[in-house]
Amino acid sequence: MDTILKQGLVFQVRAEITENPAIAKSFSSIAEFEAFVQNQIDQRTKALGLDTPWYSPQRIGFTMYKMLMLDFGRATFLTSDSGSSDVKDILLEKLPRTILLFTTATIIISIIGIFLGAFSGSKSGSKIDRLTSIFAVVSSSFPVWWVGMLMIFLFAFVYPIFPARATPSISSSDPGYIVALLYHMALPLITIVMIGFGSWAYLVRNFIIGIMQEDFITAKKTMGINRKKVVYSHALKNAAPPIITILALSLSGSLGGAIITEAVFDWPGMGRLYFEAITVMDLPVIIGSTFVLTIFFLVSVFIADLLYAFFDPRMRTD
Amino acid sequence: MSAISSDEIKREFIRSKMGLAGIGILLILIGVSIVTVITIPIDTFKEWNNPSNWISYPKTSIPVWVNLFQIKKIPEHMIIDEPIEKFQKLGDVSVASHQFMVYFDYDDFPNDFIYEFSAKYTGSPLLQLSVIRPDGIQLQLLSLSLPNSQTQITHDERIFSTDSSIRKNLFLQKEKFSFDIDGLSSEDILFSSSEKHEILKGNYIFLVNVYGVKTQNEILDSRLIVGGKAFGLMGTDDLRRDLAIGLLWGTPLALFIGLAVAIGSVTMGLLYGVYSGFKGKKTDEVMMRFNDIIYVLPALPFLIILAVTIGNSIFLMVGFLMIFGWVGIAKVSRSMALQIKIKGYVEASKMMGQKNSRIILRHIVPQLLPYALASVAISVPAAITTEAGLSFLGLGDPTFPTWGQILHDASVYGAAPRGLWWWIVPPGIMIAITGLAFVFIGNAFDTIVNPKLRRP
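For the record, the sequence lines run as chains A and B.
Numbered per the working numbering, the first sequence spans residues 1 to 318.
Numbered per the working numbering, the second sequence spans residues 1001 to 1456.
Here's what the structure looks like:
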């Protein structure tokens, strides 16, 4: 990498000189001219920090600083829709779209999952409980992207209700853009929610079943507290810590978008960006998006830890 | 964790309906794989990407069984390679003739018909192709003299229904039809009744005669293909490949990928975790931090990077999937090893001076086996779907017809917009069924092994 950059510098300096013949003419001897060129090259190498090896504290510090400023340099091949090749621009363009689709889907999934799970967990062994469990197991064994293909086949071509491509065709400045985007988002959203909520419900159900066997729940029941209240406020609150951890992790995970799902629905989000960047080996974009996603991951784990302590007093230290 | 004897596990397992269902599906899948490996020659799937191997099959044809649910029967693709052979000699003239019986009972015209033959002859014999229709009308299709040769040669040729001389010949017999046959293709004329342009059902006889003077002629191979729109159990794709073969071969491949990845990563994770937990102290710390590093790597992007940069052979893929599979198992087995480590019998065998490796393998690992089995079953579906996903993105091994690969082709050739459901639905269902079998088994195991999930 370093050699390439250095060669690039040499080429750049020479090109500048050939473009401007006045520079070459102002020298009396060839030796002087060569010295000038070498001097230019050295100066620029130093400015970029290329004279020290990559592990030198100066260069690592510089890179760290750039990372913190979210400056990932320029993408080698990819550009944002507006044509900018700045990695930051590309990321800022893709991230809201992924948040719009996948984070919305995750939130809907978790809401449905928590309530369905609590409901079926409190009536363990009932018909609804069994249906939920079966649905969870069956739905989790279908790949989301395959269901996506089927949904496109059914609801975009056999019954043309939704568009097949998830990218709106009108420009983003159009006032109807939001409506178009939401309309285009419907099919992927339905698919992701349909496949996702089963396993969430199953998870919550298992927590609730564990808690419903605890003594304090039995005590509350015998005290005559409304059954619904016991389930939804007491049991669910006790199941909250693990649920919140999983929710935080899946929210931050959703930011990465599902690479394959985005490929199927042609959704221009982070997942697609990742895939495109990898296939053309666009290193700045790969590094940039991995960095951003890792930051989100760490932050959400941190928040989850704080919330854990909030919901579970046993975790607190004085 | 409480020790459960293997008898107890067996007994509990047989009692769980889910586990039995899982085992049942798995047995069926294994049966399918064995039958596939035995009956379908390995060559056919090696030739999966070789178009010339599939040339006589129709393009994107619907599965045959769809006809069972249709009032209007879709014409089936017919490949007839066993003609009735006759040989006659009238003085100097010898006639080798092949007859093909075609029973046509469908409600749509066929796509085309192709006659393939290879003949052994000397001189320049005459080949005549004619059809006797169910209404008794005989139509001359083609008279063709084979290329002249002084020595005995073998000549291969394909005659297509789009051949211009067939059309010309049919126009010369215009008076046999009471409607205008201008602009119709030859198969539309041939299979049409003489009064109206509609299908004439019944027995057609395709007659091929090779006349030679003073010479001995032979038709070696001869085959008539009546191109239809339905073929095979699972139809065909855009490259004329028989999807049934792809789907069948996908089964052993998927089982191999799933099981290899699951067993490999569980073994790795188990040994790693147990060793780390058993050793404790600094070794444990270092090993677990390394584990954490792998744990936070985003698996799919990394798999894509590996597949793009290193290679996409199916065995490499199995290796890549293992790299990301063992982490969770290592964590759990470490914590289990920590609990077992302080038990009396482990201390005792340490005291007796047994080797570490012996303690681990004889005293700790067997305790974890039920858990390991459950994890194998649970991690198989993930491996299969991940491989399918990678193949779907076009990063799989293109030489093997895995289900993901078929789906990839389907999406590349736009199967969804064109309504080719038989190209999309079956591979996904196969993936789901295979996953389901292992999820069932894994869940049943988990409820037995994991005391927390046990119902009182």
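Note that CB positions come from ideal geometry on N, CA and C, so glycine has one too.
Count the CB pairs spanning the region 1243-1262 of chain B and the region 1121-1134 of chain B that are closer than 8 angstroms, and state whether there are at least three.
-> A contact is defined here as three or more CB-CB pairs under 8 angstroms, and the region 1243-1262 of chain B fails this definition with respect to the region 1121-1134 of chain B.
Out of PHE1191(B), ASP1107(B), VAL1093(B), state which residue places its alpha-carbon closest to the alpha-carbon of GLY989(B).
-> In the structure as shown, chain B begins at 1001 and stops at 1456. Residue 989(B) is therefore absent and cannot be evaluated.
Could you pull out every residue in the same chain whose Cβ sits closer than 6 angstroms to the Cβ of ILE1406(B), ignoring the five residues on either side in sequence?
-> Within the same chain, Cβ atoms closer than 6 angstroms to the Cβ of ILE1406(B) are found at GLY1246, PRO1427, the five residues on either side in sequence being excluded.
For the alpha helix (DSSP H) containing VAL264(A), list its first residue and its last residue.
-> Where VAL264(A) is concerned, the enclosing alpha helix (DSSP H) stretches over 259-265.
Quick one: which unbroken alpha helix (DSSP H) runs of 4-plus residues sit fully inside the region 1106-1176 of chain B? Chain order, please.
-> You should have 1164-1172.
Contacting positions in the region 246-272 of chain A - beta carbon closer than 7 angstroms to chain B | Flagged, chain order: GLY256, ILE259, ILE260, ALA263.
Establish whether the CB of THR218(A) and some CB of chain B are separated by less than 9 angstroms.
-> So no, THR218(A) is outside the interface.
Roughly how many angstroms lie between the CA atoms of LEU1271(B) and VAL1365(B), to the nearest whole one?
-> In this structure, the CA atom of LEU1271(B) is about 8 angstroms from the CA atom of VAL1365(B).
Secondary structure at GLN1099(B), three-state DSSP: helix, strand or coil?
-> Reduced to three states, the DSSP call for GLN1099(B) is strand.
DSSP beta-bridge partners of GLU1085(B) | According to DSSP, GLU1085(B) bridges with HIS1098(B).
Which one of ILE303(A), ALA219(A), PHE27(A) has the shortest CA to CA distance from ALA235(A)?
-> Ranked by how close their Cα comes to the Cα of ALA235(A), the residues ILE303(A), ALA219(A), PHE27(A) have ALA219(A) in first place.
Spell out whether any CB of chain B is found under 9 angstroms from the CB atom of LYS88(A).
-> Closer than 9 angstroms to the CB of LYS88(A) there is not a single CB belonging to chain B.
Interface residues of chain A facing LEU1316(B) [CB-CB closer than 7 angstroms] = Proximity of chain A to LEU1316(B) at the Cβ level (cut-off 7 angstroms) is not reached, the minimal Cβ distance being about 16 angstroms.
SER1149(B) vs TYR1121(B) beta-carbon contact at 9 angstroms = In this structure, SER1149(B) sits near TYR1121(B), with a CB-CB distance shorter than 9 angstroms.
Taking LYS322(A) as the reference, which of GLY269(A), GLY121(A), PHE153(A) has the closest Cα?
-> With chain A covering 1 to 318 only, the question about residue 322(A) has no answer from this structure.
Same chain, Cβ closer than 7 angstroms to MET1352(B), five either side skipped, listed in chain order | None.
Between VAL1412(B) and the rest of its own chain, which residues show a CB-CB distance below 6 angstroms, the 5 nearest in sequence each way excluded?
-> Correct list: empty, nothing qualifies.
is_contact[PHE297(A), chain B] using C-beta, thresh 9 angstroms | At least one chain B Cβ lies under 9 angstroms of PHE297(A).
Report the three-state DSSP secondary structure of SER1379(B) (helix, strand or coil).
-> Helix.
Per DSSP, which one or two residues make a beta bridge with ALA1432(B)?
-> Checking the DSSP bridge columns, you'll see ALA1432(B) has no partner listed.
Would you kindly work out how many angstroms separate the C-alpha atoms of PRO1456(B) and THR1447(B), rounded to a whole number?
-> Confidence is the limiting factor: at PRO1456(B) the pLDDT is only 41, short of 50, which leaves the residue's position unreliable and the question unanswerable from this model.
Looking at the structure shown, is GLY148(A) part of a helix, part of a strand, or coil, going by DSSP?
-> In the three-state reduction of the DSSP assignment, GLY148(A) falls in the helix class, which pools H, G and I.
Length at least 3, wholly inside the region 1037-1086 of chain B: the beta strand (DSSP E) runs in chain order = If one requires a minimum length of 3 residues, the beta strand (DSSP E) runs lying completely within the region 1037-1086 of chain B are 1078-1080, in chain order.
Exposed or buried, what is LYS1017(B) when buried is set at 16 or more other beta-carbons lying within 10 Å of its beta-carbon?
-> Classification for LYS1017(B): exposed.
Determine the DSSP secondary structure at SER1002(B), reduced to helix, strand or coil.
-> No answer about SER1002(B) holds up, because its pLDDT of 48 lies below 50 and its placement is not dependable.
If you check the beta carbons only, do ARG1223(B) and TYR1057(B) fall under 9 angstroms apart?
-> Not a contact, by the Cβ cut-off of 9 angstroms.
Exposure label - LYS1174(B); buried when at least 16 CB within 10 Å = LYS1174(B) is exposed by the Cβ-count criterion.
Is DSSP giving LEU70(A) helix, strand or coil here?
-> For LEU70(A), the secondary structure class from DSSP, reduced to helix, strand or coil, is coil.
Please state whether DSSP places PRO1456(B) in a helix, a strand or coil.
-> Only weak support is given to the placement of PRO1456(B): the predicted model assigns it a pLDDT of 41, under 50, and the value that follows is read from those uncertain coordinates. In the displayed model, PRO1456(B) falls within coil according to three-state DSSP, outside both helix and strand.
Roughly how many angstroms separate the alpha carbons of PRO1417(B) and VAL264(A), rounded to a whole number?
-> For PRO1417(B) and VAL264(A), the distance between alpha carbons rounds to 13 angstroms.
Pull up the DSSP beta-bridge partners for ARG377(A), would you.
-> As shown, chain A starts at 1 and ends at 318. That puts residue 377(A) outside it, with no answer to give.
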